[in-house]
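**Student:**
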Amino acid sequence: MKEIWTSIKRTPYQSLSAFLILFFTLFLTLILFVSLTFLYGTLNYLETKPQVTVYFQNKTEENQIFKVRDELMSSGKVLNIKYISKNDAFNIYKQLNKDNPLLLEMVSADILPPSLEIYAKKPIYLPEIAEYLKKQGDIDEVQYEKDIIDKLLVLTNTIRMSALIFFSYLILMSIVVLTTMILFKIALKESEIALLKLIGATDFYIRKPYILESLFLGITASTLSFGIFSFIVLYFNSFLQSYFNGITNLSVDIFNYQLTIWPLNYIFFTIVFVSISIFGTVIASVASYIATNKYLRV
Amino acid sequence: MITFDKVTKKFPLGNTALNDVSFEIDDNQFVFLVGQSGAGKTTILKMITQEIKPTSGSIIVDDFDVTDKNFSQKIDLRRKIGIIFQDFKVLSNKNVFENVAVSLKVIGRDQSEIKTEVKRALELVGLSKKEFVFPVQLSAGELQRVAIARAVIGDRNIILADEPTGNLDPKTAWDIMKIFKKLEGKRTIIIATHNTDIVNSFQKRVLVLKEGKIIKDQRKGGYEL
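Chains as they are written, first to last, in this note's numbering: chain A, 4 to 301; chain B, 86 to 310.
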């Protein structure tokens, strides 16, 4: 630690530049990473909403509706089907309009159609299910949210691709700048490195102080970027709560583990911190490895 | 033992630094390499440390065949060699003790061993009282003493010195050579030098180089070109 601090003090501007570029990269990475996580969480959430709702005509017998339901379930393309009877529909209507007695007086269970809310296993099955339903008799209307999910999928893919390109550029730029900064520092010690090689030092012995310094800068930059990011997120927590109003839970699958990202929680923050720290140290190590390579050929 | 067998070194631009050079140096022998600038003295020293590889021929240093294509023990070889340069190459950010200790640190010796051996080496070169002094406060002669201490410490049984007195006044140069004299018979010592007085007074083996060839090999010779 003492040697790292001494090295930083000897070349303060190079160290500061290396630190700032690392901080900038890690902070932007953090924003991209968390934004993408939330986008995926939102997509997962929307996929759990009823994807096809079919309204039957008022006169349709329950037996007929159950027949359609059973046929759909046996197709293997449906995850779950919820039957909403006339009475269920009326209860929902009452709940939604509980503050408006006039509307409640005008409607009775008889005029509300029975319906099925169908959850498909995959969004690509939606058109097929909708087509099948339209061909059945006694159908009043088929509604499905394919457009919304398609748009979200396109949006997520576009953002993911743009993020990947931006992210790659950011990594490349950081490694190049960091390597250059470390090269400046090493150039000042070129003769020392040559001497160490001649007296039998291993490459690792020579690299160690530069790698340790880079790791120190990587960990410090990732901690600071995480700290500032967390502060911003917590500062806008009330805004986020109103934005995600009604959404009780957002989660993403990570290696079969269901990670809850909303509401914000310690596990999510810990995973983000660990990921960004690993990322920061890897970038710093790669840069110092490349930089030291140049002076090890004695 | 160091063996050069028909060693030739041609640089890419065509100049020949060594031309069919053969010689043997026994363990603990004291040898001067003399010759004009560009005669090939430094090239021989650099080939022993594997800084330069020969174009042809074979070099064996302490049982290491350094010309073997599969040679992978460069680090082990260099840990047996101590090097002294004309410009000292003392690390300016380290004090005398640390400069000498680096020679043992790179081979992973433990701290107590380093302390004992560095003190002994500093005693040998007469710098016991200056172990915590930084290079900027040392004279040229003292800097060269530090470099010698760094070269002789540990298991380094081959000492290569490239113009060790080249930057020193005659009085200091003699003081430095007295240290080499103390090491005589304990290490293999090869000194490349232009210093006529020193070579003549030591009366040790002298290899005379001219235009990349050994033109004389005298067992108890003087400086004759």
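The C-beta atom is built at its ideal place from N, Cα and C for all residues, glycine as well.
In chain order, what residues of the region 107-136 of chain B put their CB closer than 8 Å to some CB of chain A?
**Tutor:** Those would be THR134 and GLU136, in chain order.
**Student:** Roughly how many angstroms separate the alpha carbons of B:ILE261 and A:LEU218, rounded to a whole number?
**Tutor:** Residue mapping note: residue 261 of chain B aligns to position 176 of the second sequence, counting from 1. Residue mapping note: residue 218 of chain A aligns to position 215 of the first sequence, counting from 1. So the alpha carbons of these two residues sit roughly 43 Å apart.
**Student:** Going along the chain, which unbroken runs of the beta strand (DSSP E) with 3 or more residues stay wholly within the region 212-278 of chain B?
**Tutor:** Counting only runs of 3 or more, we get 243-247 and 273-277.
**Student:** Name the residues in the region 157-179 of chain B whose C-beta lies less than 7 Å from a C-beta of chain A; which are they?
**Tutor:** Result list: ILE160, ARG163, ARG164, ILE168, LYS174 and LEU176.
**Student:** Indicate whether B:GLY270 and B:ARG290 have their beta-carbon atoms separated by less than 8 Å.
**Tutor:** As a first step, residue 270 of chain B must be located in the second sequence, where it is residue number 185. As a first step, residue 290 of chain B must be located in the second sequence, where it is residue number 205. Taking 8 Å as the Cβ cut-off, B:GLY270 and B:ARG290 do not qualify as a contacting pair.
**Student:** Just checking my contact of A:THR56 with A:SER118 at CB under 8 Å: how many whole Å lie between their CB atoms?
**Tutor:** For the purposes of this step, residue 56 of chain A is identified with residue 53 of the first sequence, where counting begins at 1. For the purposes of this step, residue 118 of chain A is identified with residue 115 of the first sequence, where counting begins at 1. Indeed they touch by this definition, with Cβ atoms about 6 Å apart.
**Student:** Chain A beta carbons: is any one of them nearer than 8 Å to that of B:SER188?
**Tutor:** The residue labelled residue 188 of chain B in the question sits at position 103 within the second sequence. Yes, its Cβ sits closer than 8 Å to a Cβ of chain A.
**Student:** Would you kindly work out how many angstroms separate the C-alpha atoms of B:LYS138 and B:SER122, rounded to a whole number?
**Tutor:** Here residue 138 of chain B is taken as the residue at index 53 of the second sequence, counted from 1. Here residue 122 of chain B is taken as the residue at index 37 of the second sequence, counted from 1. Roughly 20 Å separates the two Cα atoms.
**Student:** Look at the alpha carbon of B:ASP111 and the alpha carbon of B:THR93, and state the distance between them as a whole number of angstroms.
**Tutor:** By one-based count along the second sequence, residue 111 of chain B stands at place 26. By one-based count along the second sequence, residue 93 of chain B stands at place 8. Cα to Cα, the separation comes out at about 21 Å.
**Student:** Name, going along the chain, the residues of the region 205-228 of chain A whose beta-carbon falls closer than 8 Å to a beta-carbon of chain B.
**Tutor:** Flagged, chain order: THR205 and TYR208.
**Student:** What are the start and end residues of the alpha helix (DSSP H) that includes A:GLN146?
**Tutor:** Residue mapping note: residue 146 of chain A aligns to position 143 of the first sequence, counting from 1. Premise fails: A:GLN146 lies in the beta strand (DSSP E), 142-147, not in any alpha helix (DSSP H).
**Student:** Whole angstroms is fine: what's the gap from A:ILE127's alpha carbon to A:LEU49's?
**Tutor:** As a position in the first sequence, residue 127 of chain A is number 124, starting the count at 1. As a position in the first sequence, residue 49 of chain A is number 46, starting the count at 1. Spanning the two alpha carbons is a distance of roughly 14 Å.
**Student:** Can you tell me the Cα-Cα spacing of B:ALA225 and A:GLY221, whole angstroms?
**Tutor:** Mapped onto the second sequence, residue 225 of chain B falls at position 140. Mapped onto the first sequence, residue 221 of chain A falls at position 218. So the two alpha carbons sit approximately 41 Å from each other.
**Student:** Beta-carbon within less than 6 Å of A:ILE11's beta-carbon, same chain only, minus the 5 sequence neighbours each way: which residues are those?
**Tutor:** Counting from 1 along the first sequence, the entry for residue 11 of chain A is found at position 8. Only SER18 meet the Cβ criterion.
**Student:** Would you check if there are 3 or more beta carbon pairs closer than 8 Å linking the region 93-110 of chain B to the region 286-301 of chain B?
**Tutor:** Because the criterion of three Cβ pairs below 8 Å is met, the region 93-110 of chain B and the region 286-301 of chain B touch.
**Student:** Can you name the start and end residues of the alpha helix (DSSP H) that A:ARG72 belongs to?
**Tutor:** Here residue 72 of chain A refers to the residue found at position 69 when the first sequence is read from its first residue. It spans 65-76 - the alpha helix (DSSP H) in which A:ARG72 sits, taken as one unbroken run.
**Student:** Along the region 6-34 of chain A, where does the CB come closer than 9 Å to a CB of chain B? Name the residues.
**Tutor:** Result list: THR9 and ARG13.
**Student:** For A:LEU115, name the three-state secondary structure that DSSP assigns.
**Tutor:** For the purposes of this step, residue 115 of chain A is identified with residue 112 of the first sequence, where counting begins at 1. It is coil, neither helix nor strand.
**Student:** Please report the residue range of the alpha helix (DSSP H) in which A:VAL289 lies.
**Tutor:** As a first step, residue 289 of chain A is located in the first sequence; it is residue number 286 there, counting from the start. From DSSP, the alpha helix (DSSP H) with A:VAL289 extends over 269-296.
**Student:** For the beta strand (DSSP E) containing B:GLY76, name the first residue and the last one.
**Tutor:** Since the first and last residues shown for chain B are 86 and 310, residue 76 of chain B lies out of range.
**Student:** Assuming contact is defined by CB atoms lying nearer than 8 Å, are A:SER228 and A:PHE30 in contact in what I supplied?
**Tutor:** In the first sequence, residue 228 of chain A corresponds to position 225, counting from 1. In the first sequence, residue 30 of chain A corresponds to position 27, counting from 1. Against a cut-off of 8 Å, the Cβ pair of A:PHE30 and A:SER228 comes out as a contact.
**Student:** In terms of DSSP beta bridges, what is A:GLU108 paired with?
**Tutor:** Here residue 108 of chain A refers to the residue found at position 105 when the first sequence is read from its first residue. According to DSSP, which records beta bridges pairwise, A:GLU108 is partnered with nothing at all.
**Student:** What three-state label does DSSP hand A:PHE27 in the structure shown?
**Tutor:** Here residue 27 of chain A refers to the residue found at position 24 when the first sequence is read from its first residue. It is helical.
**Student:** Under DSSP, the alpha helix (DSSP H) around A:TYR260 begins and ends at which residues?
**Tutor:** Taking the first residue of the first sequence as position 1, residue 260 of chain A is located at position 257. A:TYR260 -> not in any alpha helix (DSSP H); beta strand (DSSP E) instead, spanning 260-265.
**Student:** Kindly indicate the opening and closing residues of the beta strand (DSSP E) around A:ASN83.
**Tutor:** If you number the first sequence from 1, residue 83 of chain A lands on position 80. Note, A:ASN83: beta strand (DSSP E), 81-87.
**Student:** Going along chain A, which residues have a C-beta under 8 Å from B:VAL191?
**Tutor:** Counting from one through the second sequence, the residue named residue 191 of chain B turns up at place 106. Here the neighbours are LEU199, ILE202, GLY203, ALA204, THR205 and TYR208.
**Student:** Closer than 8 Å by beta-carbon distance: list the chain B residues that pair up with A:GLU193, in chain order.
**Tutor:** As a working note, residue 193 of chain A is residue 190 in the first sequence. Neighbours of A:GLU193 on chain B: none; closest Cβ ~11 Å, over 8 Å.
**Student:** Pick out whichever of A:THR273, A:LEU201 and A:ASN61 has its Cα sitting closest to the Cα of A:ILE142.
**Tutor:** On the first sequence, residue 142 of chain A is found 139 positions in, with the first residue counted as 1. When each option's Cα is compared against that of A:ILE142, the closest is A:ASN61.
**Student:** The beta strand (DSSP E) that contains B:GLY120, what's its start and end?
**Tutor:** Taking the second sequence and counting its residues from 1, one reaches residue 120 of chain B at position 35. First-last of the beta strand (DSSP E) with B:GLY120: 115-120.
**Student:** Please work out which residues of its chain come closer than 8 Å, Cβ to Cβ, to A:ILE178, disregarding the five sequence neighbours upstream and downstream, and give them in chain order.
**Tutor:** Residue 178 of chain A sits at position 175 when you count from the first residue of the first sequence. Closer than 8 Å at Cβ, skipping near neighbours: ILE286, VAL289, ALA290 and ILE293.
**Student:** Please report how far the alpha carbon of A:ILE189 lies from the alpha carbon of A:THR223, in whole angstroms.
**Tutor:** For the purposes of this step, residue 189 of chain A is taken as the residue at position 186 of the first sequence. For the purposes of this step, residue 223 of chain A is taken as the residue at position 220 of the first sequence. One C-alpha to the other measures close to 21 Å.
**Student:** Touch check for the region 141-155 of chain B and the region 182-195 of chain B: three-plus C-beta pairs under 8 Å?
**Tutor:** They do not touch, by the three-pair rule.
**Student:** How would you label A:PRO15, buried or exposed, when you count the other beta carbons within 10 angstroms and need 16 or more for buried?
**Tutor:** Taking the first sequence and counting its residues from 1, one reaches residue 15 of chain A at position 12. Result: exposed.
**Student:** So what does DSSP say about A:THR159, is it helix, strand or coil?
**Tutor:** Here residue 159 of chain A refers to the residue found at position 156 when the first sequence is read from its first residue. Reduced to three states, the DSSP call for A:THR159 is helix.
**Student:** Three-state secondary structure (DSSP) at B:GLN303?
**Tutor:** Here residue 303 of chain B refers to the residue found at position 218 of the second sequence. If DSSP states are grouped into helix, strand and coil, B:GLN303 belongs with the strands.
**Student:** Between which residues of its own chain and A:ILE209 is the CB-CB distance below 6 Å, once the five residues before and five after are set aside?
**Tutor:** Translated into the one-based positions of the first sequence, residue 209 of chain A becomes position 206. Excluding sequence neighbours, A:ILE209 sits near ILE196 and LEU199.
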